[in-house]
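For the sequence shown, the positions run 2 to 382 when the numbering used here is used. C-beta atoms are modelled at their ideal positions from N, C-alpha and C, and glycine is treated no differently.
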Amino acid sequence: MDVSANKSSLCAEQPGGTFIAQAVFLIFILLLTAIGNGMVLITVSVNNRLRSSPANYFIASLAVSDLLVALVSLPLRIDQMLHNHNWCLSLEACALWIWSDMICSGSSVGNLAIISMDRYIALSRPLHYRMQVTSQRAFAGIAFVWVYFSIWACLSFMNWTEFGTQSIFITTECTKSDPVYYTVVLSTAFFLPLLIFIFNYCRIFGIARSQARNIAKSTRSSKLNQVSPESTAAQRSYASRRERNFKAAKTVALVGCCFIICWCPFIIIFIVSLWCVECILDLQKHTGLFMFIKVVFVYILPAINSCLNPGIYALYNREFRQALKETLFKMFGCDYFRKKDSREIPSISLQHTIGRSAEDPNTGTRVGYALNESYANDEEC
């Protein structure tokens with residue numbers, strides 16, 4: 002009864018200015034995450050060029066993970082911020098939050114692992130890539146990732162440390178006290194996919210170095226020997242395809258690095274809190290430092306990671322950037338862009354054309370018809 006009364010009194014308190022600022026920042030992150038990853042999904046689904054590549058299915062799957070963070074996890078975190086970091090929702094909502102966090106963060110690193118495998122195959126076996134990475138296999142890989150992490154998330158409802166007892170409870174925060182479960186799940190559902198990602202990228206950069214040496218050798222030999230135009234064109238086409246694959250690999254590597262930077266501090270703090278409670282209690286004595294670590298590395302950085310990926314695609318992937326522009330063009334309609342373009346065309350040139358054609362009635366009729374027809378085509382997009 003005292004615990005319930007204490008919780009009610011804490012939840013009735015007005016949030017402090019610092020907590021309101023944190024909540025506003027997370028709301029901003031939520032909007033960026035939802036809009037950015039929503040645009041990624043829309044762009045991949047409506048653009049035939051992107052849809053034709055199974056690699057973009059993995060990108061879409063990663064966007065779904067980040068979008069779920071914005072729709073499920075972040076609203077609950079914001080509610081906690083607005084109650085001075087106190088959990089004021091039900092125990093069921095607490096269990097849902099832990100479950101959704103497991104799926105979203107786990108599927109993110111799982112998707113990164115499978116994307117790294119896809120990029121390695123594209124670079125190591127480019128001629129066989131389309132036969133090995135088909136749409137059916139891509140969907141099977143994505144389904145495996147989501148089922149695998151959903152199983153681990155559902156296992157969070159059990160207590161692995163003290164079997165048969167409650168492990169999810171609320172003090173002032175939503176907590177699952179189960180060191181054995183988290184140790185197993187972090188090993189198999191976080192560090193294992195992360196090691197796969199790092200291992201594949203070590204091999205990818207090894208291929209990049211060897212390819213750079215081969216290109217340098219072939220360039221020197223082509224200068225010394227006569228090479229047919231057909232052979233040169235084939236080499237250029239092959240080199241261009243490899244260059245595109247390397248650029249795509251670099252983009253995914255950047256996504257992975259951002260994930261590691263945003264999540265590894267949280268994971269380290271989390272492991273310490275599980276197995277060294279005294280360390281956390283000692284840290285709590287330094288209130289300012291403790292709150293800084295908690296807010297930045299536990300609340301803010303993992304949330305920021307979910308909104309970074311769409312920006313990385315837009316900045317570093319030219320094909321995706323072009324597809325995104327086309328999608329925005331279709332969404333906003335042609336009138337906005339046509340009016341914007343028309344302001345850049347001097348009106349005197351149009352009037353001069355009509356004035357000249359007016360000298361000949363037949364010609365004037367044809368020109369006027371052509372101009373009207375051109376406007377009709379613009380409106381159709």
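Helix, strand or coil: which one does DSSP assign to LYS326? Numbered from its first residue, the sequence shown carries residue 326 at position 325. If DSSP states are grouped into helix, strand and coil, LYS326 belongs with the helices.
Between the CA atoms of ALA190 and ALA35 - distance to the nearest angstrom
Within the sequence shown, numbered from 1, the residue matching residue 35 stands at position 34. Within the sequence shown, numbered from 1, the residue matching residue 190 stands at position 189. Going from the Cα of ALA35 to the Cα of ALA190 covers about 25 Å.
*Helix or strand or just coil, what does DSSP make of ILE79?*
In the sequence shown, counting from the first residue as 1, residue 79 sits at position 78. Correct three-state label for ILE79: helix.
Candidates THR252, THR162, MET292 and LEU187: closest to SER106 by CA position:
The residue given as residue 106 occupies position 105 in the sequence shown. Nearest option by C-alpha distance: LEU187.
Self-check item: Reduced DSSP secondary structure (H/G/I, E/B, other) of THR176
Solution: By one-based count along the sequence shown, residue 176 stands at place 175. Strand.
Host beta strand (DSSP E) of ILE169 (start-end)
Locating residue 169 in the sequence shown gives position 168, counting from the first residue. ILE169 -> beta strand (DSSP E) spans 169-171.
For a test of the three-state rule: what should DSSP assign to LYS286, helix, strand or coil? Counted from its first residue, the sequence shown places residue 286 at position 285. DSSP places LYS286 in coil when its eight states are reduced to three.
Item to check | Inter-residue spacing [alpha-carbon to alpha-carbon] between TYR182 and GLY111 | outcome: Within the sequence shown, residue 182 is the residue found at index 181, counting from 1. Within the sequence shown, residue 111 is the residue found at index 110, counting from 1. If I take the Cα positions, the gap works out to 19 Å.
Fill in: DSSP state of GLU279 mapped onto helix, strand, coil
Within the sequence shown, the letter at position 278 stands for residue 279. Of the three classes helix, strand and coil, the one that applies to GLU279 here is helix, per DSSP.
Quick one, which of PHE298, ILE115, VAL278 and ALA249 has its alpha-carbon nearest ILE262's? Residue mapping note: residue 262 aligns to position 261 of the sequence shown, counting from 1. Ranking the options by Cα distance to ILE262, first place goes to PHE298.
Rounding to the nearest angstrom, what Cα-Cα distance links LEU351 and LEU302 in this structure? As a working mapping, residue 351 is identified with position 350 in the sequence shown. As a working mapping, residue 302 is identified with position 301 in the sequence shown. Note that LEU351 has pLDDT 34, beneath the 50 cutoff, so the model's placement of it is unreliable and the number below is only indicative. C-alpha separation (whole angstroms): 55 Å.
**Message:** My output table needs one value for GLY39: the three-state DSSP class, helix, strand or coil.
**Reply:** One-based indexing of the sequence shown puts residue 39 at position 38. Helix.
TRP88 classed as buried or exposed, judged by whether at least 16 other C-beta atoms fall within 10 angstroms: On the sequence shown, position 87 is the one that residue 88 refers to. Per the 10 Å Cβ criterion, buried.
request  = Select from THR19, ALA154 and PHE140 the residue whose C-alpha is nearest the C-alpha of GLY289.
outcome  = Taking the sequence shown and counting its residues from 1, the one referred to as residue 289 is at position 288. It is THR19.
Worksheet entry | DSSP three-state assignment for GLN15, whether helix, strand or coil | Numbered from 1 along the sequence shown, position 14 holds the residue referred to as residue 15. DSSP places GLN15 in coil when its eight states are reduced to three.
Inspect the beta-carbon positions of LEU124 and ALA250 and report whether they are closer than 8 Å. Indexing the sequence shown from 1 puts residue 124 at position 123. Indexing the sequence shown from 1 puts residue 250 at position 249. Going by C-beta atoms, LEU124 is nearer than 8 Å to ALA250.
Of the choices TRP98, GLY142 and GLY17, whose alpha-carbon is the least far from that of ALA154? In the sequence shown, residue 154 corresponds to position 153, counting from 1. Of the listed residues, the one whose Cα sits closest to ALA154 is TRP98.
Please state the DSSP three-state secondary structure of ASN1. The structure shown does not extend to residue 1, since the chain spans only 2 to 382, so no value can be given for it.
Exercise for review: Select from VAL65, ILE116 and GLU174 the residue whose C-alpha is nearest the C-alpha of PRO194.
Suggested key: Numbered from its first residue, the sequence shown carries residue 194 at position 193. Among VAL65, ILE116 and GLU174, the Cα nearest to that of PRO194 belongs to ILE116.
The alpha helix (DSSP H) that contains MET159, what's its start and end? Looking up residue 159 in the sequence shown gives position 158. Secondary structure note for MET159: it is in no alpha helix (DSSP H), with a DSSP letter that is neither H nor E.
Have a look at PHE145 and HIS287 and give me their C-alpha separation to the nearest angstrom. Along the sequence shown, one-based indexing puts residue 145 at 144. Along the sequence shown, one-based indexing puts residue 287 at 286. Each residue's alpha carbon lies about 44 Å from the other.
(Q) Please state the DSSP three-state secondary structure of ARG126. (A) Looking up residue 126 in the sequence shown gives position 125. Coil at ARG126, not helix or strand.
inquiry  = Within a Cβ cutoff of 8 Å, which residues of the same chain sit near LEU11, ignoring the five residues on either side of it in sequence?
reply    = Here residue 11 refers to the residue found at position 10 when the sequence shown is read from its first residue. Hits under 8 Å: HIS84, ASN85, ASN87, CYS89 and THR173.
- Under 8 Å, do GLY312 and GLY37 count as touching if we go by C-beta distance? Along the sequence shown, one-based indexing puts residue 312 at 311. Along the sequence shown, one-based indexing puts residue 37 at 36. In this structure, GLY37 lies closer than 8 Å to GLY312 by Cβ.
Q: Enumerate in chain order the residues of its own chain whose CB-to-CB distance from ASN215 is below 8 Å, with the five nearest sequence positions on each side excluded.
A: Here residue 215 corresponds to residue number 214 of the sequence shown, with the count starting at 1. Setting aside the 5 residues that flank it on each side, ASN215 has no residue in the same chain whose C-beta is closer than 8 Å to its C-beta.
| request: Kindly examine the ligand ZN and report whether one of its heavy atoms sits closer than 7 Å to the Cβ of LEU72. | output: As for the ligand ZN, it is missing from this structure, which has no ligand bound.
Nearest-angstrom Cα separation, counted from SER211 out to CYS203 = Taking the first residue of the sequence shown as position 1, residue 203 is located at position 202. Taking the first residue of the sequence shown as position 1, residue 211 is located at position 210. Each residue's alpha carbon lies about 13 Å from the other.
Check your understanding: Can the beta-carbon of SER178 be found less than 8 Å from the beta-carbon of TRP100?
Key -> Here residue 178 corresponds to residue number 177 of the sequence shown, with the count starting at 1. Here residue 100 corresponds to residue number 99 of the sequence shown, with the count starting at 1. Taking 8 Å as the Cβ cut-off, SER178 and TRP100 do not qualify as a contacting pair.
Starting from the C-beta of SER348, find all residues in its chain whose C-beta is less than 7 Å away, skip the five residues before and the five after it, and write them out in chain order. As a first step, residue 348 must be located in the sequence shown, where it is residue number 347. For SER348, the predicted model reports a pLDDT of 38, less than 50, meaning its position is unreliable and no value from the coordinates is stated.
Please list the terminal residues of the continuous alpha helix (DSSP H) segment that includes ILE301.
Position 300 of the sequence shown, counted from the first residue, corresponds to residue 301. Per DSSP, ILE301 belongs to no alpha helix (DSSP H) and is neither H nor E.
Margin query: Quick check: the Cα distance between VAL273 and CYS265, rounded to an integer number of angstroms?
Written below: What you label residue 273 is simply residue 272 of the sequence shown in a count that begins at 1. What you label residue 265 is simply residue 264 of the sequence shown in a count that begins at 1. C-alpha separation (whole angstroms): 12 Å.
- For the alpha helix (DSSP H) that VAL65 lies in, which residues bound it at each end? Here residue 65 corresponds to residue number 64 of the sequence shown, with the count starting at 1. Segment 56-69, the alpha helix (DSSP H) holding VAL65.
Q. What is the DSSP secondary structure of PHE164, counted as helix, strand or coil?
A. To locate residue 164, count along the sequence shown from 1; it is residue 163. PHE164: coil per DSSP, three-state reduction.
TODO: Buried or exposed for PRO362, please, with buried defined as at least 16 other CB atoms from any protein chain shown within 10 angstroms of its CB.
DONE: Along the sequence shown, read from residue 1 onward, the residue named residue 362 stands at position 361. Note on PRO362: pLDDT 46, under 50, position unreliable in the model; the coordinate value appears next. Around the beta carbon of PRO362, a 10 Å sphere encloses fewer than 16 other beta carbons of the protein chains shown; the residue is thus reported as exposed.
Q | Close-in-space but distant-in-sequence residues of the same chain around ASN306 (CB under 7 Å, 5 per side omitted) | A | Reading the sequence shown from its first residue, position 305 is the one you call residue 306. Apart from sequence neighbours up to five positions away, the residues of its chain that approach ASN306 with a beta-carbon distance below 7 Å are CYS259, PHE260, CYS263 and TRP264, ordered along the chain.
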